[in-house]
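Below is one structure, written out as structure tokens; comments come after it.
Residue numbers (the UniProt record's numbering): 1 to 489.
Quick look at the structure:
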């Protein structure tokens, strides 16, 4: 009896065995056909318009692929690593293995869609069956439309339409662990050869301390959050000084956990009371992620071009020195500097603080939002092609459902409100650790004796503000008004 050819499973941004439609279908088919299954990951930064990954995400991806390899080993499924344009790598693997069936989960960036569409047509013409599924989203971007049949531009009506659909999408169970037929040997790159891990200098110590990439780490973090912080999430989520958020965003970035899994686990934890304040507020954050992918699918250029076209003419004042001070956490505004240093050390930043650092950069300092988006892309472990640019456009006032142009966050008032004792600032800006709470968010107002006792010398041990709050606000409002009040209102 002739052994059926092996099946191929292409992992992309779905590096988990549970609630993974492509994985479940591939395992079921391999079991039914009594054949082997070969999984592969293609690191593609050479296909047209593909955006190279940032440094922090590369570190995470190395760990995540290692964890995935261990997950798959329990099934006897090898994880093959290849590097290059998918249009070349995938047909080559099909030829090498003789596979006649390929499984993958869908992607949503325009360049990725183009590659997948062309590949599917090419392979189908060769007699290869290609099955695609949705593992990344609660609702497909094309499923949710306005009454006029158009994409949404505002979050609230989008979520009102999408939420009932999302609530009915149960996660798939992970296939029972079983040893599939032994797969033929296929050449694979060594993960270490891809150079994802930093060496000299090794800047990833803080990332290693803060995170456990992989599906098991994602599930552990979700369980911890649901047990300790879900009920109080709505009241404490804006407090960067408290362990009040889930920290699941980097696990979602590469699909180590899926939104359906999070939704179902939250529903179970709150005993079906998803409309209570904590669970409702938390699942709404999943809605914002869905909305970002809705925008990415319908507005493919959101990482580089404003959704509101009139902002193409905004009079930015790009300044490398100003940008560098912001990147290093040396703006002189303590909560902003704390956020930027947290980002550099851990690859992550609290969401409230992301809004504050973004507002200071694009409004008080008039730096292009794209510069902030690029820095986050390189330094965030959750740098996501949808949420990252959509959020920057929101802060800048040029995106869908954007913050009004006149909403300019005051970092002092925000710090006093959301870090009232200054614990967040003290953790990440140690030169201010001895400042009393009354002045930690505005050290320039502290009496000389207070500064001396705290060991703070403004302009020496800690910078003076890079721009006055009133000066920056007035300058920003003038620049936004220049576009025309009718357009920016």
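For glycine and all other residues, C-beta sits at the position ideal for the given N, C-alpha and C.
As the structure is a computational prediction, the values presented were derived from the model and not from experiment.
Minimum C-alpha distance to residue i - residue among the options
{"i": "residue 78", "options": "208, 250 and 67", "result": "67"}
{"i": "residue 328", "options": "313, 315, 345 and 353", "result": "345"}
{"i": "residue 393", "options": "382, 354 and 417", "result": "354"}
{"i": "residue 145", "options": "161, 189 and 461", "result": "161"}
{"i": "residue 385", "options": "291, 16, 41 and 213", "result": "291"}
{"i": "residue 55", "options": "374, 258, 446 and 88", "result": "374"}
{"i": "residue 366", "options": "396, 151 and 335", "result": "396"}
{"i": "residue 180", "options": "39, 173, 213 and 58", "result": "39"}
{"i": "residue 289", "options": "276, 390, 126 and 306", "result": "390"}
{"i": "residue 71", "options": "50, 174, 137 and 25", "result": "174"}
{"i": "residue 306", "options": "368, 96 and 339", "result": "368"}
{"i": "residue 2", "options": "34, 27 and 10", "result": "34"}
{"i": "residue 97", "options": "50, 183 and 132", "result": "183"}
{"i": "residue 150", "options": "299, 439 and 430", "result": "299"}
{"i": "residue 302", "options": "370, 268 and 281", "result": "370"}
{"i": "residue 379", "options": "409, 341, 270 and 317", "result": "341"}
{"i": "residue 314", "options": "482, 445 and 272", "result": "482"}
{"i": "residue 121", "options": "258, 32 and 87", "result": "87"}
{"i": "residue 322", "options": "466, 190 and 114", "result": "466"}
{"i": "residue 76", "options": "36, 114, 117 and 48", "result": "36"}
{"i": "residue 335", "options": "417, 22, 310 and 167", "result": "417"}
Counted within 10 angstroms of its Cβ, other Cβ atoms place residue i as buried (16 or more) or exposed
{"i": "residue 221", "result": "buried"}
{"i": "residue 250", "result": "buried"}
{"i": "residue 324", "result": "exposed"}
{"i": "residue 468", "result": "exposed"}
{"i": "residue 447", "result": "exposed"}
{"i": "residue 142", "result": "exposed"}
{"i": "residue 154", "result": "exposed"}
{"i": "residue 127", "result": "exposed"}
{"i": "residue 156", "result": "exposed"}
{"i": "residue 460", "result": "exposed"}
{"i": "residue 266", "result": "buried"}
{"i": "residue 304", "result": "exposed"}
{"i": "residue 320", "result": "exposed"}
{"i": "residue 58", "result": "buried"}
{"i": "residue 239", "result": "buried"}
{"i": "residue 223", "result": "exposed"}
{"i": "residue 286", "result": "buried"}
Per DSSP, the bridge partner or partners of residue i
{"i": "residue 11", "result": "41"}
{"i": "residue 131", "result": "103"}
{"i": "residue 462", "result": "458"}
{"i": "residue 82", "result": "42"}
Cβ shell of residue i (< 6 angstroms), same chain only, five flanking positions each side left out
{"i": "residue 69", "result": "79"}
{"i": "residue 8", "result": "38, 99 and 102"}
{"i": "residue 209", "result": "none"}
{"i": "residue 421", "result": "437"}
{"i": "residue 488", "result": "With a pLDDT of 45 at residue 488, under the threshold of 50, the predicted position of this residue should be treated as unreliable, though the coordinate-derived value follows. Closer than 6 angstroms at Cβ, skipping near neighbours: 405 and 480."}
{"i": "residue 14", "result": "20, 105, 135 and 255"}
{"i": "residue 454", "result": "434 and 435"}
{"i": "residue 490", "result": "For the chain, the structure presents residues 1 to 489; residue 490 sits outside this window and is missing."}
{"i": "residue 477", "result": "none"}
For residue j and residue i, believed in contact at Cβ under 8 angstroms, the rounded distance
{"i": "residue 566", "j": "residue 441", "result": "In the structure as shown, the chain begins at 1 and stops at 489. Residue 566 is therefore absent and cannot be evaluated."}
{"i": "residue 64", "j": "residue 196", "result": "Between residue 196 and residue 64 the Cβ distance is about 10 angstroms, and since that is not below 8 angstroms, they are no contact."}
{"i": "residue 198", "j": "residue 100", "result": "Incorrect: roughly 41 angstroms between the Cβ atoms, too far for contact."}
{"i": "residue 308", "j": "residue 399", "result": "7 angstroms"}
{"i": "residue 194", "j": "residue 43", "result": "6 angstroms"}
{"i": "residue 337", "j": "residue 343", "result": "Contact flag wrong, Cβ pair sits at about 11 angstroms."}
{"i": "residue 283", "j": "residue 274", "result": "6 angstroms"}
{"i": "residue 333", "j": "residue 411", "result": "4 angstroms"}
{"i": "residue 60", "j": "residue 213", "result": "5 angstroms"}
{"i": "residue 462", "j": "residue 432", "result": "6 angstroms"}
Beta-carbon contacts of residue i that lie in its chain and below 8 angstroms, excluding the five residues immediately before and after
{"i": "residue 46", "result": "84 and 85"}
{"i": "residue 423", "result": "241"}
{"i": "residue 232", "result": "244 and 278"}
{"i": "residue 94", "result": "8, 102, 123, 126 and 128"}
{"i": "residue 492", "result": "With the chain covering 1 to 489 only, the question about residue 492 has no answer from this structure."}
{"i": "residue 318", "result": "367, 368 and 371"}
{"i": "residue 236", "result": "229, 242 and 244"}
{"i": "residue 248", "result": "218, 221, 222, 225, 257 and 262"}
Close-in-space but distant-in-sequence residues of the same chain around residue i (CB under 7 angstroms, 5 per side omitted)
{"i": "residue 376", "result": "383 and 388"}
{"i": "residue 475", "result": "366"}
{"i": "residue 74", "result": "177"}
{"i": "residue 228", "result": "none"}
{"i": "residue 361", "result": "326, 367 and 372"}
{"i": "residue 293", "result": "108, 137, 141 and 386"}
{"i": "residue 276", "result": "270"}
{"i": "residue 409", "result": "355, 356 and 359"}
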